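For the sequence shown, the positions run 3 to 462 when the working numbering is used. The beta carbon of each residue, even a glycine, is placed where N, CA and C say it ideally should be. Keep in mind it's a predicted model, so treat the numbers as computed, not measured.
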Amino acid sequence: MTAEAETGTTPGSTASRAASRPPALSVRNHSGFRWMYVVDVITLFGAMMLISFVRWGVSWPSYSIVDYLAGFAVVTVVHIAVAYFGGLYEIDSRLGATSRLPRTTSLTAIAVLIDASLSLGASKFLMPRLNLAVFAVVAACALSFNRWLAHRVLTARFGRPQVLLVGNPDDIELAEAHLVETDRDAIVVGRRSSTEHLAEAVEELRVSDVLLLGGIELSEVYPRPLEDFEKQRVGVYHRLTPSDTLLGVKKTRQIAGMPFVALRSHAMPPSKARFKRLLDLVYVLVALPLLLPLMVFTVVYARIVAGKSVFYRQERVGRYGREFSMVKIRTMYIGAEDVTGPILATREDERVIPAMAWMRSMRFDELPQVWNVIRGEMALVGPRPERQELADRFEMVIPGYGRRHDIRPGITGLAQVNGSYHTDPGFKLGHDLQYLVNWTPVLDIQILLRTIFVVLARRV
């Protein structure tokens, strides 16, 4: 149950200076793949046409050419959609980039399964089975090749990544030797022994990537200047040491043969956020037959017990720090905070109407927030949104609090199933950030199932 206001910047801050940086520097390392949609559509559709011409020539059997073209169009849309949600169109660093073939292969396999499922439900096949099998191989290779080609084009257009090395002299010398020998796509433009005035050095040297080597504490760069570097699209990488492996780091990046982990204050990629949003809508649609009768019951009960003001709207801080009106069923007395002002809920909260305490303990008062989910203001699972006053207070005392705004706030969350109303906000933030970093569809399902247990146990 924590949240924050969107952090502003002063005129002289690094973030404000980033807005005036030359466009080429902003996109040097992370130029977007928006134009790749067109390239991929042409590639996929053209591949299906070519496979058909090679197999049959100009006389195609069974269906008319219009039917085939319609099937090809559907297949193309399916593959582009899967690639979209699979993150193939996300901006990515060119430093230490690896082949996209493993990812394109797995995503193509998913798309082909969807193609096959659609064919089973249609009166006509989208594509003959042999053609589809050949297309699966061609599509995976073609999508991977398109991204390799984009990498080369960006390097030719914007130049090689410009790297700033930060660490003790021995580590810098060793890292530079590796970069010179094995990664000729990178240029070392600066060396620093500490993170002092790091933002100014990045600005002055027009750095695209910062490599943090030995002797650098992560607290020296987080939350500032790391958050500012992200706005500038400057990559920041921390070299892993043997002791770092004790943390169980899974996603590493090999740069010139050296193991690094990318430091990101915004940990959930846009593709995951989009996929999560899609799943939320599916879950709501499936659960509506159960939720509607339950909601009607709670509204009628609240009307009898609490009076006319059944619904309670309150401004909360949502994704990207934007405020929205969150809807709840009122369980507290009207004007309960007129004297105290905004405060966190407690175990024995005197503001709660006694006859409504059971509803609050079972979280039934949160049911109207399904409407916020449908509107796109909230998610089923995520960090609980807070009021602006409390968010401002937490922002001042809890470092990294703003990261929980990278995703939509949730009706329930990891902090809610692991804690309670009175759990310290700092501890809840730890759960929220773990959720942010480790999100998967399975994790959402686990949290939703655990929420049912919390509701039945009436744990507050």
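Apart from the five residues just before and just after residue i, which ones in its own chain have a Cβ nearer than 6 Å to its Cβ?
{"i": "residue 217", "result": "169, 170"}
{"i": "residue 142", "result": "106, 107, 110"}
{"i": "residue 226", "result": "none"}
{"i": "residue 324", "result": "none"}
{"i": "residue 114", "result": "138"}
Of the choices the options, whose alpha-carbon is the least far from that of residue i?
{"i": "residue 530", "options": "219, 243, 209", "result": "As displayed, the chain neither begins before 3 nor continues past 462, which places residue 530 out of reach and without an answer."}
{"i": "residue 109", "options": "358, 273, 403", "result": "273"}
{"i": "residue 80", "options": "377, 311, 200, 112", "result": "112"}
{"i": "residue 281", "options": "451, 446, 118", "result": "446"}
{"i": "residue 195", "options": "334, 131, 222, 73", "result": "222"}
{"i": "residue 173", "options": "240, 158, 232, 156", "result": "240"}
{"i": "residue 233", "options": "207, 266, 246", "result": "266"}
{"i": "residue 463", "options": "219, 416, 291, 198", "result": "This structure does not reach residue 463, given that the chain is present from 3 up to 462, and the question cannot be answered."}
{"i": "residue 41", "options": "77, 55, 82", "result": "82"}
{"i": "residue 409", "options": "78, 117, 277", "result": "277"}
{"i": "residue 156", "options": "182, 104, 99, 175", "result": "99"}
{"i": "residue 433", "options": "457, 456, 458, 385", "result": "385"}
Does residue i pass the burial test, meaning 16 or more other C-beta atoms within 10 Å, or should it be called exposed?
{"i": "residue 164", "result": "buried"}
{"i": "residue 91", "result": "buried"}
{"i": "residue 123", "result": "exposed"}
{"i": "residue 322", "result": "exposed"}
{"i": "residue 374", "result": "buried"}
{"i": "residue 121", "result": "buried"}
{"i": "residue 253", "result": "exposed"}
{"i": "residue 229", "result": "buried"}
{"i": "residue 306", "result": "exposed"}
{"i": "residue 398", "result": "exposed"}
{"i": "residue 396", "result": "buried"}
{"i": "residue 159", "result": "exposed"}
{"i": "residue 392", "result": "buried"}
{"i": "residue 37", "result": "exposed"}
{"i": "residue 87", "result": "buried"}
{"i": "residue 310", "result": "exposed"}
{"i": "residue 441", "result": "buried"}
{"i": "residue 244", "result": "exposed"}
{"i": "residue 428", "result": "exposed"}
{"i": "residue 48", "result": "exposed"}
{"i": "residue 406", "result": "buried"}
{"i": "residue 455", "result": "exposed"}
{"i": "residue 313", "result": "exposed"}
Below 8 Å on the Cβ atoms is my guess for residue i versus residue j; work out the distance and round it to an integer in Å.
{"i": "residue 167", "j": "residue 97", "result": "Their Cβ separation, rounded to whole angstroms, is 12 Å, which puts residue 167 and residue 97 out of contact at 8 Å."}
{"i": "residue 178", "j": "residue 191", "result": "Their Cβ separation, rounded to whole angstroms, is 11 Å, which puts residue 178 and residue 191 out of contact at 8 Å."}
{"i": "residue 380", "j": "residue 371", "result": "6 Å"}
{"i": "residue 318", "j": "residue 387", "result": "4 Å"}
{"i": "residue 414", "j": "residue 383", "result": "6 Å"}
{"i": "residue 331", "j": "residue 369", "result": "7 Å"}
{"i": "residue 333", "j": "residue 361", "result": "6 Å"}
Leaving aside the five residues before and after residue i along the sequence, list all residues of the same chain whose C-beta is less than 8 Å from its C-beta, in chain order.
{"i": "residue 53", "result": "133, 136, 137, 140"}
{"i": "residue 102", "result": "90, 145, 146, 149, 150"}
{"i": "residue 203", "result": "166, 192, 194, 209"}
{"i": "residue 453", "result": "365, 414, 418, 419"}
{"i": "residue 450", "result": "285, 382, 383, 414"}
{"i": "residue 211", "result": "31, 95, 97, 163, 164, 165, 166, 188, 236, 237, 238, 239"}
Quick check on residue i: does DSSP put it in helix, strand or coil?
{"i": "residue 34", "result": "The predicted position of residue 34 is uncertain, since its pLDDT is 47 and thus under 50; a value taken from the coordinates is nonetheless stated next. Three-state DSSP puts residue 34 in coil, outside helix and strand."}
{"i": "residue 12", "result": "Here residue 12 scores only 34 on pLDDT, less than 50, and its place in the model should not be relied on; the value that follows carries that caveat. Looking at residue 12 - three-state DSSP - the assignment turns out to be coil, as it is neither helix nor strand."}
{"i": "residue 194", "result": "strand"}
{"i": "residue 253", "result": "coil"}
{"i": "residue 242", "result": "coil"}
{"i": "residue 333", "result": "coil"}
{"i": "residue 381", "result": "strand"}
{"i": "residue 314", "result": "strand"}
{"i": "residue 258", "result": "coil"}
{"i": "residue 327", "result": "strand"}
{"i": "residue 97", "result": "coil"}
{"i": "residue 264", "result": "strand"}
{"i": "residue 189", "result": "strand"}
{"i": "residue 442", "result": "coil"}
{"i": "residue 2", "result": "Shown here, the chain extends from 3 to 462; a query on residue 2 therefore has no answer."}
{"i": "residue 140", "result": "helix"}
{"i": "residue 109", "result": "helix"}
{"i": "residue 71", "result": "helix"}
{"i": "residue 90", "result": "coil"}
{"i": "residue 211", "result": "strand"}
{"i": "residue 449", "result": "helix"}
{"i": "residue 319", "result": "strand"}
{"i": "residue 457", "result": "helix"}
{"i": "residue 167", "result": "strand"}
Residues in the same chain with beta-carbon distance under 7 Å from residue i, minus the five sequence neighbours each way, listed in chain order, please.
{"i": "residue 68", "result": "none"}
{"i": "residue 180", "result": "258, 259, 260"}
{"i": "residue 275", "result": "409"}
{"i": "residue 34", "result": "Residue confidence for residue 34 is low, a pLDDT of 47 falling below 50, so the modelled location carries little weight; the figure read from the coordinates is stated next. Here the set comprises 93."}
Measuring only from the beta carbon, is residue i closer than 8 Å to any heavy atom that is part of the ligand PLP?
{"i": "residue 265", "result": "Looking at this structure, you won't find the ligand PLP or any other ligand, since it has none at all."}
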